[in-house]
Amino acid sequence: MKKIGILTSGGDSPGMNTAIRAVTKMAMNYNCEMYGIKRGYKGMLNDEIFKLNPLDVSGIADRGGTILLSARLPEFKQPEVRAKAAANLKRHGIEGLVVIGGDGSYRGADLLFREHGIKVVGIPGTIDNDIAGTDYTIGYDTTLNIILDAVSRIRDTANSHERTYLLEVMGRDCGDLALYSAMAGGANGVLIPEVNRSIDELAEDIKERRSQRKLSDIIIVAEGVGHVFDIAKELKEKINTEIRVTVLGHIQRGGSPTAFDRVLATRMGARAFELLMEGESGIMVGMENNKMVTHAISYAWENKTNISLDDYNLTHLLSI
Ligand code: ADP
C-alpha cells in the first residue's frame with residue numbers, strides 16, 4: 001500500500017493531533033504517502049484531500065483539537081454520497097484509510113470498506129470513553145484532568161460560601177468522566193446515566209454531611225442524567241443550603257493532551273498504520289490491560305462499555 005488517507009470525525013478530542021502525527025511519521029519511515037482529509041467525511045465528499053508533509057505534523061503532538069478539522073455529515077448514511085466520496089479517494093490513489101473518531105465514524109468507515117474496498121482502520125478518539133474494545137479512548141484522560149482542576153477551584157468558593165455545587169460534565173450515555181472525576185476529586189455525590197439515584201437520596205446525604213458540620217458539597221452530574229438546572233430546582237426543595245450550578249461545557253475538550261493521552265495516541269496511531277501495512281481492514285485498535293489489541297470495527301457499536309459498579313459504590317462510600 002503506497003497511499004493512505006487520514007481523517008478525524010465526530011467530536012474533537014485532545015490527542016487526535018498526536019495520533020495524526022504518529023500515523024504520518026510511521027508512513028514516512030515506510031516511504032508511504034499520507035493524505036490528510038479535512039472535515040471528516042465532508043472533506044472526503046468535497047475532495048478536500050491533500051498530501052501531508054513532514055512539516056504539517058511537526059510540533060503538533062501537544063496541540064489540542066485537530067489540524068485536520070472535524071465535521072459531521074449525516075448524508076454519509078446515503079450510499080450514493082459514500083460512492084462519490086470513495087471515488088475521490090480512488091482518484092488520489094488512496095487505498096487505505098485511518099479514521100479517528102467514535103462509533104458513528106466507524107460505521108461510515110466500515111461501509112466504505114464493504115462497498116468500495118477501501119481498507120479501513122479505526123482509532124478511538126472521543127473524550128467520553130464510550131467505545132467498546134478499548135479501556136481508554138484518546139482525549140478521555142485530558143478531559144478528566146480538566147474536570148479535576150475545575151473541582152479544586154470550585155471547592156474553594158463552595159467552602160467559602162458554604163454552598164452546594166452541582167457541576168455538570170460531559171457524558172450523554174457514559175458516566176466515566178463524572179464517576180472518575182468524582183472519585184479522584186473527592187466529590188460528595190455523583191449522578192451518572194448508568195445508575196438510577198433519586199434526588200431524595202442525594203438530599204438525605206447532603207443533609208447528613210451538613211449535620212456533621214461539613215461546609216460545602218460538590219456533586220458531579222453527567223449531562224446524560226437530565227437537565228442540571230431542573231435537578232438543582234428539585235434539590236432546592238429538599239435541602240436548606242444555597243445551590244449553585246456550573247456547566248463546564250466545551251472547556252472540557254480544549255487544551256494540550258496529557259502525557260497519558262499522548263502515549264495512547266502514539267501507540268494507537270503507530271499500530272493502525274502497521275495494520276494497514278499488514279493488509280488488515282475493517283478493524284479498530286484499542287488498548288486493553290495496557291496491551292494494544294484489535295477488534296472487528298463493528299465491535300464498537302455491537303457492544304456497550306460498562307461502568308464499574310464497584311468504583312461507583314466506592315465513590316459513594318467515600319463521599320461522606
Ligand atoms: P462519532 O464518530 O463521535 O460517534 P457521529 O456519530 O457524529 O460521531 O458520527 C460522525 C460522522 O460519521 C457522521 O457525521 C457521519 O458522517 C458518519 N456516520 C455516523 N453514523 C453513520 C452511519 N450509520 N452510516 C454512515 N456514516 C455514518
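FYI, in UniProt numbering the residues of the sequence shown are 1 to 320. We put the beta carbon where it would ideally sit given N, CA and C, even for glycine. The model shown is predicted, which means the values in this text are computed figures rather than measured ones.
query, result
"Close beta carbons around glutamate 194, own chain, < 6 Å, minus the five adjacent residues each side", "Gly175, Ile307"
"Closest residue to glycine 40 among Asn53, Leu55, Thr24, Met16 (Cα-Cα distance)", "Met16"
"Pairwise C-alpha distance: threonine 66 and methionine 284", "20 Å"
"Cβ-Cβ separation, isoleucine 94 to lysine 3 (assumed contact under 8 Å), whole Å", "5 Å"
"Coil, strand or helix - leucine 97 by DSSP", "strand"
"Whole alpha helix (DSSP H) elements within the region 37-103, 4-residue minimum", "40-45, 79-91"
"Tyrosine 140 CB to nearest heavy atom of the ligand ADP below 7 Å", "no"
"Given 8 Å, three or more beta-carbon pairs between the region 163-170 and the region 288-299", "no"
"Where histidine 227 falls: helix, strand or coil (DSSP)", "coil"
"Lysine 207: first and last residue of the uninterrupted alpha helix (DSSP H) it sits in", "199-211"
"Expected contact under 8 Å - CB spacing of arginine 209 and asparagine 188 to nearest Å", "6 Å"
"Span separating the alpha-carbon of leucine 314 from that of glycine 43", "46 Å"
"Where lysine 291 sits in the DSSP three-state scheme", "strand"
"Residue nearest to arginine 21 in terms of C-alpha spacing, selected from Asp62, Trp301, Val245", "Asp62"
"Contact set for isoleucine 251: own chain, Cβ-Cβ below 6 Å, skip 5 residues either direction", "none"
"Bridge partners - residue 337, DSSP secondary structure assignment", "Residue numbering for the chain in the displayed model covers 1 to 320; residue 337 lies beyond these limits and cannot be assessed."
"Of the residues Leu97, Phe50, Leu317, Ala150, the one placed nearest glutamate 280, counting alpha carbons only", "Leu97"
"Cα-Cα separation between glycine 64 and glycine 139, rounded to whole angstroms", "9 Å"
"Continuous alpha helix (DSSP H) assignments of at least 4 residues falling wholly in the region 147-194", "176-185"
"Residues near glutamate 242 in its chain [Cβ-Cβ closer than 8 Å; skip 5 each side]", "His161, Glu162, Arg163, Thr164"
"Within 8 Å, strictly: CB atoms of leucine 73 and leucine 45", "yes"
"Candidates Ala296, Ala86, Phe260, of which the one nearest leucine 275 by Cα", "Ala296"
"Buried or exposed by the 16-neighbour rule on C-beta atoms within 10 Å, applied to tyrosine 136", "buried"
"Any chain C beta carbon closer than 8 Å to methionine 34", "The displayed structure is made up of one protein chain only, and chain C is not part of it."
"Whole-Å CB distance - serine 70 paired with aspartate 12, under 8 Å assumed", "5 Å"
"Cβ-based burial, lysine 238 [other Cβ within 10 Å; buried from 16]", "exposed"
"Sheet register partners of proline 124 (DSSP bridge)", "Gly101"
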